[in-house]
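Okay, so here's the structure we're looking at.
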Amino acid sequence: MIRVNDTNVEWRSGMTVTLALEAMGYDFPLISVFVNEQFVPEIDHDSFEIPDGADVKAIHIHHGG
Amino acid sequence: MADRMEITVNGKTVGVQKDSYLLAAVTDAGFEVPTLCHHKDLTPGGSCRLCLCEVEDGGRKKLVTACNYPVRGPVTVRTDTAEIAQHRKILAEMYLGRWPGVPVVQMIARECGVTTSRFASEITDDAPNACILCGHCVRACDEFMIERVLEFAGRGIKRHLTMPFGEVDHHCVTCSSCAYVCPTGAIEIVDDKNRPLDAKAIRDHGMKVNAEMATLDSKQCRMREVGTANIVDVMDAYDLLPVHNYKFGKHPEAKKLYSTTLKAEYFTQGAADACWRGCSMACAKAVDGFTLKTGPYKGQQVLVDGPEYETAAGAANMGCFDGDFCVEFNFYCDTYGIDTISAATAIAFAMEVFEAGVITTKETGGIELRFGAADEALTLLHQMADGEGFGVDVGQGIRWMKEKWGKDGEHAAFLQDIGMEVKGLEFSEYVTKESLAQQGGYGFAIKGPQHDEAWLIFMDMVNKQIPTFEDKAEALHYFPLFRTWFGLMGLCKIVWNDVVPADNAVQEEAHKIPGHVRNYWKFFEGLTGIELDEQKMLDQSARVYNLQRILCRMLGFGTRKDDMVPYRAAGPVTREEYESRADRYDGQLADVVGVDPAGKSTEEKMKILRDFREGQYEKLADAVYRRRGWTEDGVPKVETLAALGIDLPELVEVIKADQ
Ligand code: SF4
Ligand code: FES
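Going line by line, the protein sequences match chains A and B. With this note's numbering, the residue at position 55 of the first sequence is 55, and numbering never jumps. With this note's numbering, the residue at position 142 of the second sequence is 1142, and numbering never jumps.
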């Protein structure tokens, strides 16, 4: 299990940042991702594998209005 | 999402993004390559050829210009072979022969090992600020400002920079981007007509925004391409797009109003109208040659300014998922001088009231005003403008309609719950049920539920960055003051967070977009000479903000009861709403409220959830008023005015009874 923005998400081996964002339905273009407080640049979202138990923050830069 | 790959540069393995230009990979890896026509914020010029590198791809070697060579495979790169050095040397010598006095040319020649040139000729220009035909200015005009005022003319040695027909082009807005990117000083700014104190500081920071628009916007919010309509797609995906008078946050037909649809079927690019000539974002869009189907201009072809997000979302709120309707509604609202938000929200309310049977065709004058009734909504809009029929009622706004139809008492509570207004103003187009902070963003806003004080839905609901009442209150202190400051200065908010610096993610307090906040301070400082910091900026706003609240008080408003939101903003009013998201609400009852939903009727669960959420809002009000230095009833304290230096007797007089 990992936590993404304080929500439990089932972890599976090889789960990349991209897959975790997909699992949350996050497709906003301005998302900054931190895995266990480490910033993961967008270029690495496809390859960075999230370890089990990780705390993931997917910060949507607010927008709207 | 980016495709990452690895290439080898001078024996070193380097990670790159597929399709990125080789020059970036080479310099990121720590190797220097001379460039003359390249500029970091502009598309590659590819004309000077100084950036030549050797690329080995599948055993074949070739020389490429690194600045415009897109990396598409795991190539091996050399930046420093003897052949490359020889090429660069000859090029540098030629440049030095033509422009021997230009410092940037001298510097590059030195880097290439050249100090004198064999190529002096009759076209040699000794001036230190000669134009070296790098093309930065041409590209900046096009890419920063979306103008084509500058261009090269002539061939070979006659090539030169000019405006069309060699005359000053009236399309030039004197933005000075060309001068800013010119590496030689060939374009010079001779006069700053507004005579700001420090024009350079303003320009330096303004150009950062221009550069971001040119380089980042297409990967971020696509403001230039589709304007604020880009949010329709996002809000629908996050269950935040108002549908059927804010009952729901998404709809299967919403795609008909997505920015992608608007772009493909309606927007006439090139007819965009920026708020002022020279805005590098130019987010306003236009629909050209639209044939109207209704109203006084029926059959005529018109140009429509929009649709913006709020107008498209307003169409969704009325259940009218129809691009033609949206554009026509947009046109007539503009033509009649009616706000698209208030009109859409008021009509959506009337539609729900009609569907609930509170009013019938007797009240509507025969109009079957159901959700999705696009023709009927337009009829109503024309009636509003003409002061005729049922349009007269709807045109008075939701507060008025609630009072009229709730008079008998039977429906008053329901109308209050679903009537999306606060302080007499209709809500703008976002669903706030799952964001307590945004309920406050609407409820506590001085002029009513619009979002230009605070848009906190992502911070609160999605990012979970502000979990406590105090966190939310802090956000409801900072953002309304920060955004009030835009109004005070007459500056646009859009360039604050609809494009963000590339390094924003790793900045402290990234949600405030600190790089852009500093830009705004620099604009202020450049104009006035007064240095700003966060506290000074907030204090400037707080004086006005508190004054506005006191003005509300003078008019008999401006207390806690005036900040309360209708329950539709906070939770599900109807059974249909609750059951449409039963998993979410049941889960919250169990996890957040601490009540087992099992065995309870929908009505029982709705009541428990409502009591909880209304209690949360009251607690939020306590925290917000505390943070703002207001009384428990939401009135500024005299000591708050004193701290801001605005405890004028005439203001204190207004609020003293409330202390
Ligand atoms: S005017 Fe300046 S920016 Fe424009 S082409 Fe000449 S040197 Fe380059
Ligand atoms: S920098 Fe001029 S061609 Fe690449």
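Think of the CB as a built atom: it goes at the ideal place given N, C-alpha and C, for glycine as much as any other residue.
Residue i: CB within 6 Å of a non-hydrogen atom of the ligand FES
{"i": "B/G1046", "result": "yes"}
{"i": "B/C1051", "result": "yes"}
{"i": "B/C1131", "result": "no"}
{"i": "B/T1184", "result": "no"}
{"i": "B/T1065", "result": "yes"}
{"i": "B/C1112", "result": "no"}
{"i": "B/T1043", "result": "no"}
{"i": "B/H1038", "result": "yes"}
Proximity winner among the options, relative to residue i (alpha-carbon distances)
{"i": "B/A1373", "options": "B/D1322, B/R1543, B/G1154", "result": "B/D1322"}
{"i": "B/L1091", "options": "B/I1108, B/M1461, B/F1267", "result": "B/I1108"}
{"i": "B/D1019", "options": "B/E1509, B/T1008, B/P1074, B/Y1309", "result": "B/P1074"}
{"i": "B/G1135", "options": "B/G1101, B/G1046, B/M1351, B/M1094", "result": "B/G1046"}
{"i": "B/A1437", "options": "B/A1082, B/L1161, B/W1276, B/K1619", "result": "B/K1619"}
{"i": "B/R1613", "options": "B/V1181, B/E1434, B/E1188", "result": "B/E1434"}
{"i": "B/L1292", "options": "B/L1378, B/S1342, B/G1319, B/V1226", "result": "B/L1378"}
{"i": "B/R1483", "options": "B/D1452, B/V1500, B/E1355, B/F1031", "result": "B/D1452"}
Cβ pair residue i, residue j closer than 7 Å
{"i": "B/P1597", "j": "B/L1589", "result": "yes"}
{"i": "B/I1157", "j": "B/I1123", "result": "yes"}
{"i": "A/I43", "j": "B/Q1017", "result": "yes"}
{"i": "B/M1281", "j": "B/M1213", "result": "yes"}
{"i": "B/V1009", "j": "B/V1102", "result": "no"}
{"i": "B/L1023", "j": "B/C1067", "result": "yes"}
{"i": "B/M1459", "j": "B/H1511", "result": "yes"}
{"i": "B/P1467", "j": "B/N1546", "result": "no"}
Contact set for residue i: own chain, Cβ-Cβ below 6 Å, skip 5 residues either direction
{"i": "B/A1569", "result": "T1432, Q1439"}
{"i": "B/H1251", "result": "V1243"}
{"i": "B/A1120", "result": "G1097"}
{"i": "A/W11", "result": "M1, I2, D52"}
{"i": "B/R1195", "result": "none"}
{"i": "B/A1237", "result": "none"}
Proximity test, Cβ basis, 7 Å: residue i and chain B
{"i": "A/F39", "result": "yes"}
{"i": "A/D27", "result": "yes"}
{"i": "A/D55", "result": "no"}
{"i": "A/L30", "result": "yes"}
{"i": "A/I59", "result": "yes"}
{"i": "A/I50", "result": "no"}
Cut-off 7 Å between Cβ atoms - residues of its own chain near residue i, not counting five sequence neighbours on either side
{"i": "B/T1043", "result": "R1139, E1143"}
{"i": "B/I1359", "result": "V1353, W1405"}
{"i": "A/H60", "result": "F28, L30, I31"}
{"i": "B/R1088", "result": "P1034, L1050, L1052, C1112"}
{"i": "B/I1513", "result": "W1496, N1497, V1500, N1504"}
{"i": "B/T1228", "result": "C1283, E1308, Y1309"}
{"i": "B/K1256", "result": "F1321, D1322, G1323"}
Residue-chain proximity (residue i, chain A), Cβ-Cβ < 7 Å
{"i": "B/F1486", "result": "no"}
{"i": "B/Q1220", "result": "yes"}
{"i": "B/F1458", "result": "yes"}
{"i": "B/W1496", "result": "no"}
{"i": "B/K1247", "result": "no"}
{"i": "B/I1007", "result": "no"}
{"i": "B/V1234", "result": "yes"}
{"i": "B/N1463", "result": "yes"}
{"i": "B/E1506", "result": "This sequence places Val at residue 1506 of chain B; Glu is not what is there. Yes - at least one Cβ of chain A is within 7 Å of the one on B/V1506."}
{"i": "B/A1313", "result": "no"}
{"i": "B/T1104", "result": "Checking the sequence, you will find Val at residue 1104 of chain B rather than Thr. Judged by the 7 Å Cβ criterion, B/V1104 is not in contact with chain A."}
{"i": "B/M1001", "result": "Bear in mind that the predicted position of B/M1001 carries a pLDDT of just 46, short of 50, making it unreliable; the figure below should be weighed with that in mind. Answer yes: the Cβ-Cβ gap between B/M1001 and chain A drops below 7 Å somewhere."}
{"i": "B/A1237", "result": "yes"}
{"i": "B/R1500", "result": "Before going further, note that residue 1500 of chain B is Val rather than Arg in the sequence given. So, interface residue."}
{"i": "B/Q1548", "result": "no"}
{"i": "B/R1004", "result": "yes"}
{"i": "B/Q1301", "result": "no"}
{"i": "B/Q1438", "result": "no"}
{"i": "B/Q1588", "result": "no"}
Same chain, Cβ closer than 8 Å to residue i, five either side skipped, listed in chain order
{"i": "B/C1279", "result": "C1492"}
{"i": "B/D1317", "result": "Note that residue 1317 of chain B is Asn in the sequence shown here, rather than Asp. The answer, listed in chain order, is P1242, V1243, H1244, N1245, Y1246, A1344, T1345, A1348, E1429."}
{"i": "A/N5", "result": "M24, V56, K57, A58"}
Heavy atom of the ligand SF4 within 6 Å of residue i beta-carbon
{"i": "B/G1135", "result": "yes"}
{"i": "B/L1241", "result": "no"}
{"i": "B/L1161", "result": "yes"}
{"i": "B/I1007", "result": "no"}
{"i": "B/I1108", "result": "no"}
{"i": "B/I1187", "result": "yes"}
Next item on the list: Output, in sequence order along the chain, the residues in the stretch 2 to 13 of chain A whose CB is closer than 7 Å to any CB in chain D.
Entry: Included in the structure are the protein chains A and B, with no chain D among them.
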